[in-house]
Structures are given as C-alpha cells and as structure tokens.
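A.B. asks:
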Amino acid sequence: RDRYGFRCESQHVSLEDYKAWQKRYEEHLVRRHYKWDTLLNETSQANAVRRNGSDIEFPARSAKLQRYIRKGIPPEYRGQAWFHYANGHACLRAHPGLYHRLAEQACRLCSDGNNDLIERDLHRTFPDNIHFKPDGYTRTGQTANATAFQEEPPMIASLRRVLQAFALYRPQVGYCQSLNFIAALFLLFMPEERAFWMVVITTTDYLPHVHDANLEGANVDQAVLMLAVRECLPSIWSRLGQGFETPSSPHPTTPHEIIGKLPPITLVTAAWFMSAFIGILPIETTLRVWDCLFYEGSKVLFRIALTILKQGERSILAVSDPIEIFQVVQTLPRQMIDAGALMEACFKRRNGVGHLSQKEVDARRQKVAAIRG
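Numbering follows this note's numbering, in which position 166 of the sequence shown is assigned residue number 311; successive positions increment by one, without gaps.
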C-alpha cells in the first residue's frame, strides 16, 4: 500500500514501475519537505502553531509560493493547505455548526432518492483503499472467512454523513456520482466538517454547475475544453473532432457547432472534470493536480487536460478508428505515474499548451453558457 492506503500497482502501472518511480519520488519529497519547512519557518509563529496542533500558518500568496505548490505540497501539510487557500476558513466562520446540524438532520430523515443513491455508492468508493475497505471487510460487515464481524469502517460512516449533509445543503445538486470520490479524497486529508465545506467550495467555485442534475456545467466545460483543443492542438483535434466533418463540409467545425453538439470524445473527458481526475490519473499525480487547483483555480483542470492530450499526441495520431481513439484517450492518463513530469509539462513557459488564465476560463465559460442558452 502507498502512504494514503491505496494499492501501489494497478492495471496500468506495474508494481515494478511503481517501486522504481517511488524511489525517485521519495527523494523529491524529502527535498520539498525541507523547502516547505524553511518557508513555513519564515512565516511568523509557524513553528509554535504546528507544535500546538492547531492550523499551520501559511504564507501569503506569492510567485515563490506558486512555484513551491507546483512542485508539490508535502502530504503532511496538504489538507490544511487546500483548505486555507480555497478559503475554507471563511465558510467555517460564516456558518458555525451548520455541518453538524445538517448531518443530524440527515440522520433523522427517512430514506429518499439521494440517500438511496448515496448508500449504493458508499461501498464502491475507493474499494482498494484500506481506510474505506479494510482487508477482510465485506459490505455486510462480515469478514471474508465468515467467522467474525467488523464494524462499518469509520471512513464510510464519515463519507455518508458528508454526502447526506451536502445533499441537504445543495438540493439543486443533491447527490451526483463522482461526488463520493471527491468527498472521500478530502476525508483522507482533513476532518469531516472541513471535507464537507471543501465539497461545497469545489462544486461552487472550481466546478460550477458541473454536478447539477442537468450536468449543464459539465457540458459547458467540455465545450470550453474542445475549443481549446481546436485552438492549441489542431492535429489532435483532427482526430478528436471526428464525426463533425462531412464531404460537403470537410473543414474544421465552427465554435458554435462545437458548442451546440459536443464531440463524442467528451464522453471520456467529461469524467476527467467531474471527478477532478480521481481514478483517471494515478493518485499521487491527482493530488499534485489538486495542490495547484485549490491555489490557482479551475484553469488547472483545463491545462492538465490539454497537457495529457499533448503528451499522448503520437499515440492519438497513430490511430484513426473512433473506438481506438476512445481507448487511447482513456488509457493515456492512467499511465502517468510521474507526477513531476506532467506538472512540469503543464506549466513550462516554452512549448507548453493552453496557457489559459483563470480570467480566460471564466470568460469562455460565460460565453459558452450564453450560446447554449
């Protein structure tokens, strides 16, 4: 298992490849931890705050801090850093005790549509993670050899409360698949109440309307992404945009056509955004993306998506059958265990792709939403 409780190997990453990467990455973590400790020590009273077991006193935003975050937040500081830079403390101050009241209210409610969906997905969440499914645990609470019983894993109980409270707090969303994974990943790094507010913040500020019942926010983001692919990666667009060109109209489609009818490949890439890359990229790579996401904004998701496609350009251009293209695009990110290489490719100044600013992303989202009506 890795430091987070996940299995090291997967269908797309062998144990041998994982161990080779891990050896190099552990050296990287030691260096980054030293750098972060030095940075935090420069922040007033940082050491005293940490010794007292309270919140770390993080530095103000700066170009130096952005560089540090792009190189990865140490796992020990990650949850607090996400919460701090996503303005989670403001939510806590504005709504003291609200989460606990919602969780208690959810416990008293009879089963409804949302609760039924939540219960169905609880035990499908990170089934390979020891915190959500301890070795030998089965859904009924019975051990694999049927000779003893275990209590429900505490993480499952916490996840249930967070998702039920969110469904009450945001009824226009209720419960949507993929929120279970987002909430679960937060729970690995922070207490329940903070995980709840991070789900609220994520669905409000970083993935607006993406998990609404009509999924319109997801469609808007996919239109923005496809237009960016067409603009920044025209050769890849020639493959991903297949199905739009006809003998009478062989040229690339117009933005309005793309916005009105999304390419079939968005059935794949929409999952990237809805889960914020959980289950798409290897876990450490996903966490590195989240480090930047909660500091820099949702532009990071678009930049990472473009970088994944750019990194896989040769493989994408090597096939022409739509089904094969689907398979290539689905497989590409799952093999990207080298988190540092992906982040470096994403943010490099020369020969990079999609240098989208947050302002541009917000403007394009607004424009696409207006066109879609």
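C-beta atoms are modelled at their ideal positions from N, C-alpha and C, and glycine is treated no differently. The structure presented is a predicted model; accordingly, all values stated were derived computationally and were not measured.
Assuming residue 323 and residue 420 make a contact with CB atoms under 8 Å, what is their CB distance in whole Å?
C.D. replies: 5 Å
A.B. asks: Have a look at residue 99 and residue 317 and give me their C-alpha separation to the nearest angstrom.
C.D. replies: In the structure displayed, the chain extends from 146 to 518; residue 99 sits before or after that span and is not available.
A.B. asks: May I have the straight-line CA-CA distance separating residue 237 from residue 342, to the nearest angstrom?
C.D. replies: 8 Å
A.B. asks: Excluding the five sequence neighbours on either side, which residues of its own chain have a C-beta within less than 6 Å of the C-beta of residue 154, listed in chain order?
C.D. replies: 160, 163
A.B. asks: For residue 431 and residue 367, which I take to be in contact (beta-carbon distance under 8 Å), what is that distance rounded to the nearest angstrom?
C.D. replies: That pair is no contact at about 19 Å.
A.B. asks: Let me make sure I understand the geometry here. Which of 382, 279, 212 has the alpha-carbon closest to that of residue 151?
C.D. replies: Closest option to residue 151, Cα to Cα, is 279.
A.B. asks: Check each candidate in 400, 406, 435 and name the one with the smallest Cα separation from residue 417.
C.D. replies: Among 400, 406, 435, the Cα nearest to that of residue 417 belongs to 435.
A.B. asks: For residue 488, which residues of its own chain have a beta-carbon under 7 Å away from its beta-carbon, when the five flanking residues on both sides are left out?
C.D. replies: 215, 433
A.B. asks: Could you tell me the alpha carbon to alpha carbon distance between residue 383 and residue 450, rounded to whole angstroms?
C.D. replies: Taking the straight line joining both Cα atoms gives about 17 Å.
A.B. asks: Can you give me the Cβ contacts of residue 445 inside the same chain, cut-off strictly under 6 Å, excluding the 5 residues immediately before and after it?
C.D. replies: The residues are 437, 438.
A.B. asks: Pair every Cβ in the segment 368–387 with every Cβ in the segment 320–340, then say whether three or more of these pairs are closer than 8 Å.
C.D. replies: no
A.B. asks: Between which two residues does the alpha helix (DSSP H) containing residue 460 stretch?
C.D. replies: Residues 458–462.
A.B. asks: Measuring CB atoms only, is the segment 242–262 touching the segment 300–310, in the sense that at least three cross pairs come out at less than 8 Å?
C.D. replies: yes
A.B. asks: In terms of residue numbering, what span does the alpha helix (DSSP H) encompassing residue 383 cover?
C.D. replies: That run of the alpha helix (DSSP H) goes 379–385.
A.B. asks: Taking residue 352 as part of the alpha helix (DSSP H), name the residues at either end of that continuous run.
C.D. replies: Looking at the DSSP string, residue 352 is not in any alpha helix (DSSP H), and its letter there is neither H nor E.
A.B. asks: Cβ of residue 443 within 8 Å of Cβ of residue 352?
C.D. replies: yes
A.B. asks: Counting only runs that start and end within the segment 156–223, where is the alpha helix (DSSP H) found for 4 or more residues in a row?
C.D. replies: 160–187, 191–196, 208–215
A.B. asks: Between which residues of its own chain and residue 500 is the CB-CB distance below 6 Å, once the five residues before and five after are set aside?
C.D. replies: So no residue of the chain qualifies.
A.B. asks: Let me know if residue 356 comes out buried or exposed under the rule of 16 or more other beta-carbons within 10 Å of its beta-carbon.
C.D. replies: buried
A.B. asks: Ends of the alpha helix (DSSP H) at residue 151?
C.D. replies: No alpha helix (DSSP H) holds residue 151; DSSP gives it neither H nor E.
A.B. asks: Suppose you measure from the CA of residue 360 to the CA of residue 212; what does that come to, to the nearest Å?
C.D. replies: 34 Å
A.B. asks: In or out: residue 379 buried (at least 16 other Cβ within 10 Å) or exposed?
C.D. replies: Residue 379 counts as exposed, since fewer than 16 other beta carbons sit within 10 angstroms of its beta carbon.
A.B. asks: Please classify residue 391: is it buried, with 16 or more other beta-carbons within 10 angstroms of its beta-carbon, or exposed?
C.D. replies: With a pLDDT of only 49 at residue 391, under the threshold of 50, the placement of this residue in the model should not be trusted; the figure read from the coordinates follows. Looking at its Cβ environment, which holds fewer than 16 other Cβ atoms inside 10 Å, residue 391 is exposed.
A.B. asks: Enumerated in chain order, which unbroken segments of the beta strand (DSSP E) with a length of 3 residues or greater are wholly contained in the segment 418–468?
C.D. replies: none
A.B. asks: Excluding five sequence neighbours on each side, which residues of the same chain lie with their C-beta closer than 8 Å to the C-beta of residue 481?
C.D. replies: 426, 427, 430, 453, 456, 487
A.B. asks: Starting from residue 325, follow the alpha helix (DSSP H) in both directions and report where the run begins and ends.
C.D. replies: Residue 325: member of the alpha helix (DSSP H) spanning 324–332, first to last residue.
A.B. asks: What three-state label does DSSP hand residue 412 in the structure shown?
C.D. replies: helix
A.B. asks: On a Cα-Cα basis, can you pick out the residue from 230, 209, 176, 466 that is closest to residue 201?
C.D. replies: 230
A.B. asks: Quick one: what does DSSP say residue 321 is sitting in, helix, strand or coil?
C.D. replies: coil
A.B. asks: Who are the near neighbours of residue 404 in its chain, counting only those whose CB is closer than 8 Å to its CB and skipping five residues on each side?
C.D. replies: Within the same chain, residue 404 has close Cβ partners 368, 372, 513, 516, 517.
A.B. asks: If you draw a straight line from the alpha carbon of residue 166 to that of residue 178, how long is it in whole angstroms?
C.D. replies: 18 Å
A.B. asks: Considering only C-alpha positions, which residue in the set 259, 257, 300, 247 is nearest to residue 272?
C.D. replies: Answer by Cα proximity: 300.
A.B. asks: One question on the structure: do residue 358 and residue 340 come within less than 8 Å of each other, judged by their Cβ atoms?
C.D. replies: no
A.B. asks: Taking 7 Å as the limit between beta carbons, can you name the residues of its chain near residue 261, skipping five residues before and five after?
C.D. replies: none
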